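Let me begin by presenting the structure, written as structure tokens, before commenting on it.
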Amino acid sequence: MGNNRKWIQIFILLVILVIGGITLGSALFRDHSVPGTGDKAPEFKVAGLDGQTHRLSDWRGKPVVLNFWATYCEPCRNEMPALQKQMDKWADSGLVVIGMNVGEGQVTVRSFIEQYKVKFPIYMDPDDAIRKEYGVLNYPTTFFIKPDGSIHLIKVGEMTETFIEQTITGMVGR
Amino acid sequence: MFENTKCECGHQNPPETVLCESCGKPLLDEGDQTPLEMRYDGVARRSQKANPNPIDLVWNFFSSVKIAVYLIVITLLGSTLGTIYPQENTFVNLDPSTYYKENYGTLGHLYYLLGLSHTYESWWFILLLLMIGTSLVICSLDRVLPLYRALSKQQIRKHLSFILRQKASFADELPADYRDNPSAWVEAAASRLRKKGYKVYKDANGTALLAEKHRFSRWGPYINHIGLIIFLLAVLMRSIPGWHMDQYIAFPEGQPVKIPKTSYYLLNEKFTVDYYQEEEMSEEFREKGQAVPKIYETQAVLFRCTENCDNPVAEPILEEVHRHNIIVNKPLDYKGLLAYQFDYRENPVLRSVHASLKDKKTGEAFGSFDLSMTDPKPAYSVGPYNLELKGYYPDFQLDANGRPVSASRDPNAPAFIFLIKGPGLAAEGEVYMYFPRQIDKERFRQDEINGALGAKLEIGVRSMEDVQISAYTSYLNVRVDRAMPYIWTGAAISMIGLIMGFYWQHRRIWLRMDGITLSLGAHTNKNWFGLRKECADLLNQTGYAVEAKSLDKGGKSS
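Printed below as a string of structure tokens:
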């Protein structure tokens, strides 16, 4: 009887521990917050302007500059040439610049990049899903992502070419 | 440490037993004459044992009702913290790191930093709920099993001091006519008690009796606890992925919107807001001159994505699964997916036009095509002409350098730049600019821009029927709560337990004869008045003359 009782006690405490662990764990690790510096950049799967499907993980092992932008955003328009120059400059080290257009149509975006002579890949986020995932509230917002997929720096607002260059230098460690 | 816990009747009791489990003899305060503590019938609770090991210590902690009360009080206080400022999840779109500071100052920022802006999802709040649940389980088990054992094997002939120390008791010699045959009195009492609905047990020689009714009411609190545990578990199950969702989404008219993290799309076909007419309003409202809405209605169509759902390159294939007109408190409900009317905004914008290409001079139409204001296609073929869309500006403007730009993504002033190729035009095509809205056409001088081409061809709509306008954006609260049936089940079981405990009382009457002396003791968990009256009636009907009040032996009434 006494032994039996002990096992019942242990069993009940174990059940409580398991249920408690699962719920507490999920409460602790639920990511209701947006990614910050040092966090892993959330994976995405989107259509590019080239009509192909693209994933962030395609660029694993390379430094990525992920720029959220829109054609109607003046600072975005202003920093486009600087981004393009830096893309060309760092091409040897494998740097990738991605322009994530938020919520605009293909025609609008296409005419824009022709006008601004943008060569880096443009991805489309038509229903704002990626924007929300990344917690972007203002344009432009730029994520500097290290080759291991973690976020080196988040910059909200227009960037100068010097800033981009220095940040990339800091990120790739050169 | 060993304690001699053997009663004089020969029964071996567990340590800390208050009343012998068998004969009911008080084991702790033998000399005393005050009414007995009858809680849990004097049996030892499980947790009361000598030399507790670490597991016992955890068990003992949670088995304490005092701890349970503290936990409940702390949880109550903790949950009030979540009501000081609005919680994060009540906003559609905000950055909590700045919102609280901007709106509520330093205190608000502190509130955010302490994590109180999501109190009910915080680890400490969930830990408190878990501890209450643990306490419920262990408190119940710790008491219900020993109590069940005690009540299911009650001895009929109780110790004299057990009977006389009941809060309602009586002792006297038998009435004269029964003194020759005490068991005849016991039999008479038994039949009267049976009539009152008691279950009567007599011992072998008929000189002791136990009468009992409504024992089931003792299980009420435990059934209530089972209900509460189911309730708590159901609340915790909400954290299983897909079990709980609560979000606010904007649905512009005429455009299916994906419900995040599901395979469903919802289309707001038409939103209606209807106001009360002046003659329908009361005098007071009329004086205020305010428009009072009568009904908000979203004609909603729910689609399920069947193909290309996760393929960003292809258009998802949608299948209509449900249709419902959502009004306040009448949500769309499809397999547990609920959509409630929450808010609306009036922002009339062009959605698409069915445009035609005409010969400006003759008015002859070459054909027509659909032109979307959200994501127009890059090419159209109309009669003998090919139209290539080179540019689209939803909110057309000229920037400081005179270059065309869009001021926003909303089609407030849509402008299209076509390259038209076809008969009578230059081989490389000619550029035609099209403003669907008449007001923009004049403001930006469409005819002057188009020049010679504008004199030959014209893109336009024939009538307002060719124009589709989204007048309203409807905001819906989309919810999934798969835990709800379990929450209701738990609540119902809990209610059954409460009713069992509230409306019935467990009454017991013990009798024993020692020669010609009758000793009667009675116990209930509430309504002592009723029990004393029942005992007095019994005695008065069997030859005694007693007043109900005289049976009261004091003690705290609970």
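So the protein lines, in turn, are chains A and B. With the first sequence counted from 1, adding 18 to any position gets you the numbering used here. With the second sequence counted from 1, adding 211 to any position gets you the numbering used here. We put the beta carbon where it would ideally sit given N, CA and C, even for glycine. Computed from a predicted model, the values in this text were never measured in an experiment.
(request) May I have a chain-ordered list of the alpha helix (DSSP H) segments no shorter than 4 residues that lie completely inside the segment 484-568 of chain B? (result) Fully enclosed alpha helix (DSSP H) runs of 4 or longer: 494-499.
(request) List the DSSP bridge partners of residue 73/A. (result) Answer is 63/A.
(request) Please find out if some non-hydrogen atom of the ligand HEM comes closer than 6 Å to the beta-carbon of residue 382/B. (result) Among the components modelled here there is no ligand, and therefore nothing to report on the ligand HEM.
(request) Could you check if residue 397/B is buried or exposed, using at least 16 other CB atoms within 10 Å of its CB as the buried criterion? (result) Buried: at least 16 other Cβ atoms inside 10 Å.
(request) Please say whether residue 440/B and residue 347/B have beta carbons closer to each other than 7 Å? (result) Cβ distance < 7 Å, so residue 347/B and residue 440/B count as in contact.
(request) Give, in chain order, every residue of the segment 262-276 of chain B whose Cβ lies closer than 8 Å to some Cβ of chain A. (result) For chain A, the residues of the segment 262-276 of chain B that bring a beta carbon within less than 8 Å of one of its beta carbons are 266, 267, 269 and 270, in chain order.
(message) Nearest by alpha-carbon distance to residue 697/B: which of 362/B, 754/B and 444/B is it?
(response) Out of 362/B, 754/B and 444/B, 444/B has the C-alpha closest to the C-alpha of residue 697/B.
(request) Please determine if the segment 223-240 of chain B and the segment 181-191 of chain A are in contact, where contact requires at least 3 C-beta pairs separated by less than 8 Å. (result) Verdict: no, contact absent.
(request) Indicate the three-state DSSP secondary structure (helix, strand or coil) for residue 676/B in the structure shown. (result) Here residue 676/B carries a helix assignment [DSSP, helix/strand/coil].
(message) Taking the alpha carbon of residue 484/B as the reference point, which residue from 352/B, 462/B, 502/B and 508/B has its own alpha carbon closest?
(response) For the residues 352/B, 462/B, 502/B and 508/B, the minimum Cα distance to residue 484/B belongs to 508/B.
(request) Label residue 140/A either buried or exposed according to how many other C-beta atoms from any shown protein chain fall within 10 Å of its C-beta, with 16 as the threshold for buried. (result) Taking all protein chains in view, the Cβ of residue 140/A is crowded by 16 or more other Cβ atoms within 10 Å, so the residue is classified as buried.
(request) List the residues that DSSP assigns as beta-bridge partners of residue 159/A. (result) For residue 159/A, which the question treats as bridged, DSSP gives the partners 86/A and 174/A.
(request) Could you name the residues of the same chain whose beta carbon sits closer than 7 Å to that of residue 652/B, not counting the 5 residues immediately before and after it, in chain order? (result) Taken in chain order, the residues that qualify are 646.
(message) Given this structure, state the Cα-to-Cα distance separating residue 173/A from residue 89/A, to the nearest angstrom.
(response) Taking the straight line joining both Cα atoms gives about 18 Å.
(request) Report yes or no: is there a C-beta of chain A within less than 7 Å of the C-beta of residue 524/B? (result) So yes, residue 524/B belongs to the interface.
(request) Please work out which residues of its chain come closer than 7 Å, Cβ to Cβ, to residue 293/B, disregarding the five sequence neighbours upstream and downstream, and give them in chain order. (result) The answer, listed in chain order, is 327, 330 and 331.
(message) Please state whether the Cβ-Cβ distance between residue 574/B and residue 593/B is less than 7 Å.
(response) Residue 593/B is positioned such that its CB atom lies no closer than 7 Å to that of residue 574/B.
(request) Could you work out which residue in 453/B, 232/B and 386/B is closest to residue 726/B when comparing CA atoms only? (result) Nearest option by C-alpha distance: 386/B.
(request) Count the other CB atoms, across all protein chains shown, that sit within 10 Å of the CB of residue 353/B; report buried if there are 16 or more and exposed otherwise. (result) Residue 353/B comes out buried.
(message) Between residue 554/B and chain A, is the shortest Cβ-Cβ distance under 7 Å, so that the two count as touching?
(response) Not one chain A Cβ lies under 7 Å of residue 554/B.
(request) State the DSSP-derived secondary structure class of residue 580/B, mapped to helix, strand or coil. (result) Three-state result, residue 580/B: strand.
(request) Show which residues of chain A have a CB atom less than 9 Å away from the CB atom of residue 574/B. (result) Listed by position along chain A, the residues whose Cβ is nearer than 9 Å to that of residue 574/B form an empty set, because the closest Cβ is around 29 Å away.
(message) Please report the distance separating the alpha-carbon of residue 535/B from that of residue 692/B.
(response) Approximately 19 Å, taken between the alpha carbons.
(message) Run through the DSSP bridge pairs and tell me what residue 275/B is partnered with.
(response) Residue pairing from DSSP leaves residue 275/B without any beta-bridge partner.
(message) Is there a C-beta anywhere in chain B that falls below 7 Å from the one on residue 67/A?
(response) Among the residues facing chain B, residue 67/A is not included, as its CB has no counterpart in that chain under 7 Å away.
(message) Mapping the DSSP letters down to three states, classify residue 393/B as helix, strand or coil.
(response) DSSP places residue 393/B in helix when its eight states are reduced to three.
(message) By the three-class DSSP mapping on this structure, what secondary structure does residue 122/A have?
(response) In the three-state reduction of the DSSP assignment, residue 122/A falls in the coil class.
(request) Could you tell me which residues DSSP pairs with residue 217/B in its beta bridges? (result) Paired residue(s): 223/B.
(request) Using a Cβ cut-off of 7 Å (strictly closer), state whether residue 112/A contacts chain B. (result) It does not; no Cβ of chain B falls within 7 Å.
(request) Please list the residues of the segment 80-92 of chain A that have a C-beta atom closer than 9 Å to any C-beta atom in chain B, keeping them in chain order. (result) Flagged, chain order: 88, 89, 90 and 92.
(message) Contact between the segment 614-629 of chain B and the segment 99-109 of chain A is defined here as three or more beta-carbon pairs at a separation below 8 Å; is this criterion met?
(response) With a cut-off of 8 Å, the segment 99-109 of chain A and the segment 614-629 of chain B do not count as touching, because too few Cβ pairs lie within range.
(message) According to DSSP, simplified to helix, strand and coil, what is residue 265/B?
(response) DSSP places residue 265/B in helix when its eight states are reduced to three.
(message) Against residue 606/B, what residues of chain A qualify as contacts under a CB-to-CB distance less than 7 Å, listed in chain order?
(response) Simply 90.
(message) Please list, in chain order, the residues of the segment 471-497 of chain B that have any C-beta partner in chain A closer than 9 Å.
(response) From the segment 471-497 of chain B, only 471 have a Cβ closer than 9 Å to chain A.
(message) Can you find the residues in the same chain that come closer than 6 Å, C-beta to C-beta, to residue 549/B, ignoring five residues on each side of it along the sequence?
(response) Within the same chain, Cβ atoms closer than 6 Å to the Cβ of residue 549/B are found at 542 and 690, the five residues on either side in sequence being excluded.
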